[in-house]
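Enquirer: This is the structure, below, for whatever I ask next.
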Amino acid sequence: MAEEVVLLDLGVSPFGQRCRIALAEKGVAYEYKEQDLDNKSPLLLQANPVHKKIPVLIHDGKPVCESVIIVQYIDEVWSDGAPLLPADPYARAQARFWGDFIDKKIYEYGTRLWKLKGEAHQVAKKEFIEILKVLEAELGDKKYFGGDAFGYVDIALVPFCSWFYTFETCGGFSVEAEAPKLVAWGKRCLERESVSKAFYDPVKVYEILKQVYGFE
Ligand code: GS8
349 MAEEVVLLDL GVSPFGQRCR IALAEKGVAY EYKEQDLDNK SPLLLQANPV HKKIPVLIHD
409 GKPVCESVII VQYIDEVWSD GAPLLPADPY ARAQARFWGD FIDKKIYEYG TRLWKLKGEA
469 HQVAKKEFIE ILKVLEAELG DKKYFGGDAF GYVDIALVPF CSWFYTFETC GGFSVEAEAP
529 KLVAWGKRCL ERESVSKAFY DPVKVYEILK QVYGFE
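Residue 508 in my numbering is what sits at position 160 of the sequence shown, and the numbering runs on without skipping anything.
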């Protein structure tokens, strides 16, 4: 019997994009179901009763939640495609460490750039630039975070490249001036069809975030 793969998602979501990129990298066919988060579907509420968030991957009726966990699941289930995580346990742990770092830092500290004002905004800007520099140092002169092969850490971070425009516009700095290697890496990733197909126009992202968060 053919397997059934469904993704509950929202086009602009960087978390959903991670899953779409991983599925594309593995060549997995799936049904994409765009969700209305203002009016959550019974399917979403049933599939992710704890967080009630997208993305959710439903594989043969079994839901998997949380984007980085979904990406790891995709890597394990469709293991015949090019691996997303390295085979070596230590290298796997390191990749997960950076995925976790991205998860804890980019969204949380990035959104402070438009949530905070005055002195607190200046602190947020400094902290965010520092996060970019830490990531850039980890990337170093490698093609991708894992070396020559595109993988897990790239997938965790690359959707946020379409947020860079919002980060720099609200933060009052240039991502390219602060972290040029990271910007070049983002462009390299965008050359992959898996990434370019999921990528959202940065100006559209800005307009959407402006509406969601109500910043000027
Ligand atoms: C975050 C998912 C998320 O924030 C992951 O999958 O990695 N840690 C999770 N999803 C948002 C949409 S994208 O910003 C969501 O579904 N929000 C609905 C809500 O909060 O009610």
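Note that beta-carbon positions come from the ideal geometry of N, C-alpha and C, so glycine has one too. Please read all numbers here as calculations on a predicted model, not as lab measurements.
Can you find the residues in the same chain that come closer than 6 Å, C-beta to C-beta, to Lys453, ignoring five residues on each side of it along the sequence?
Expert: Ile479
Enquirer: For Ala485, which of Ala527, Ala497, Leu557 has the nearest alpha-carbon?
Expert: Ranking Ala527, Ala497, Leu557 by Cα distance to Ala485 puts Ala527 first.
Enquirer: Can you give me the start and stop residues for the alpha helix (DSSP H) that Leu464 sits inside?
Expert: Bounds of any alpha helix (DSSP H) do not take in Leu464, whose DSSP letter is neither H nor E.
Enquirer: Sorted by chain position, which residues of the same chain lie with C-beta nearer than 8 Å to Phe451's C-beta, five sequence neighbours on each side aside?
Expert: Position check: residue 451 holds Asp in this sequence, whereas Phe was assumed. Same-chain partners within the cutoff: Val416, Ala504.
Enquirer: Please indicate yes or no: does the CB of Glu382 lie closer than 7 Å to some heavy atom of the ligand GS8?
Expert: no
Enquirer: Locate the beta strand (DSSP E) running through Leu371, then write down its first and last residues.
Expert: Counting along the chain, Leu371 falls outside any beta strand (DSSP E), though it belongs to the alpha helix (DSSP H) covering 362-374.
Enquirer: Going along the chain, which unbroken runs of the alpha helix (DSSP H) with 4 or more residues stay wholly within the region 466-523?
Expert: 466-487, 500-505, 512-519
Enquirer: If you follow the beta strand (DSSP E) that Leu356 is part of, which residue opens it and which one closes it?
Expert: Its beta strand (DSSP E) spans residues 353-357.
Enquirer: Is the region 380-390 close to the region 425-433, with three or more CB pairs under 8 Å?
Expert: no
Enquirer: Quick one: is the Cβ of Phe363 within less than 7 Å of any heavy atom of the ligand GS8?
Expert: yes
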